[in-house]
Every structure is written in structure tokens, then in C-alpha cells.
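A short write-up of the structure that comes next.
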Amino acid sequence: MVGDAGEAQARALLRELHQQVADVSRKIEIVERRGRRHSARGQQCDRRQQSELRRDLYEVHRLIDNLHRRFPETLPAALRERQRAFASG
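Its first residue numbered 29, the sequence shown is counted upward by one per residue in our numbering.
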């Protein structure tokens with residue numbers, strides 16, 4: 029039963045993390061579009077903001093990867109199959 033509770037919590041957290049990936053990705057797209065219209069000074073600010081957002085995005089992906097390693101049953105079925113094939117062959 030404890031494993032089921034841990035897996036359920038991991039799945040809930042994964043949903044939130046995937047939503048965060050979508051949100052941060054959307055913000056990066058907005059900053060990139062805005063950067064094309066700005067002056068050199070504005071572009072420098074946009075590049076700094078892009079860098080911060082990408083750092084956040086990489087951190088969220090790292091957290092997702094760690095959860096999948098800890099709870100492999102939370103991997104999508106296709107990825108689980110690919111992982112099994114890789115491990116066996």
C-alpha cells in the first residue's frame with residue numbers, strides 16, 4: 029500500500045511538473061518573439077530572461093527524470109517498453 033501511495037504522489041507531482049514545462053516553454057516563446065522586435069539593449073535583457081527560463085526548464089526536466097527513475101511505473105508505456113528493450117539487448 030505504501031508503494032501505491034508513493035506512486036500516486038509521484039503521478040500527481042508529474043502532472044504539475046509537466047504543466048510547469050508547458051508554462052515555461054510558452055514564456056520562452058513569448059520572450060523569443062519579443063526579442064526579435066527589440067533594440068540591442070532590449071535584446072540583452074530578453075536573452076538574460078531566456079537564460080533564466082531555460083535554466084528553470086532544465087531543472088523541471090531534471091525533477092521529472094528523477095521521479096521516473098524512482099518510480100519507473102510512472103513512465104509512459106512506450107518509454108517503459110523502449111527501456112526494457114534497451115536493457116535486454
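Think of the CB as a built atom: it goes at the ideal place given N, C-alpha and C, for glycine as much as any other residue. As the structure is a computational prediction, the values presented were derived from the model and not from experiment.
Residue interval of the alpha helix (DSSP H) (run including residue i)
i	result
Arg-108	105-116
Nearest-angstrom Cβ-Cβ length linking residue i and residue j, presumed shorter than 8 Å
i	j	result
Leu-85	Leu-42	The pair is not a contact, with the Cβ atoms about 16 Å apart (cut-off 8 Å).
Val-49	Leu-81	At roughly 11 Å, the Cβ-Cβ gap does not stay under 8 Å, so Val-49 and Leu-81 are not in contact.
Glu-44	Thr-102	The pair is not a contact, with the Cβ atoms about 13 Å apart (cut-off 8 Å).
Residue from the options whose Cα sits closest to the Cα of residue i
i	options	result
Arg-39	Pro-104, Arg-112, Ala-115 and Gln-111	Pro-104
His-46	Gln-72, Arg-64, Asp-93 and Arg-61	Asp-93
Contact under 9 Å by Cβ, residue i with residue j
i	j	result
Arg-108	Pro-100	yes
Tell me, please, whether the stretch 48-60 touches the stretch 69-84 by the rule of three or more beta-carbon pairs shorter than 8 Å.
yes
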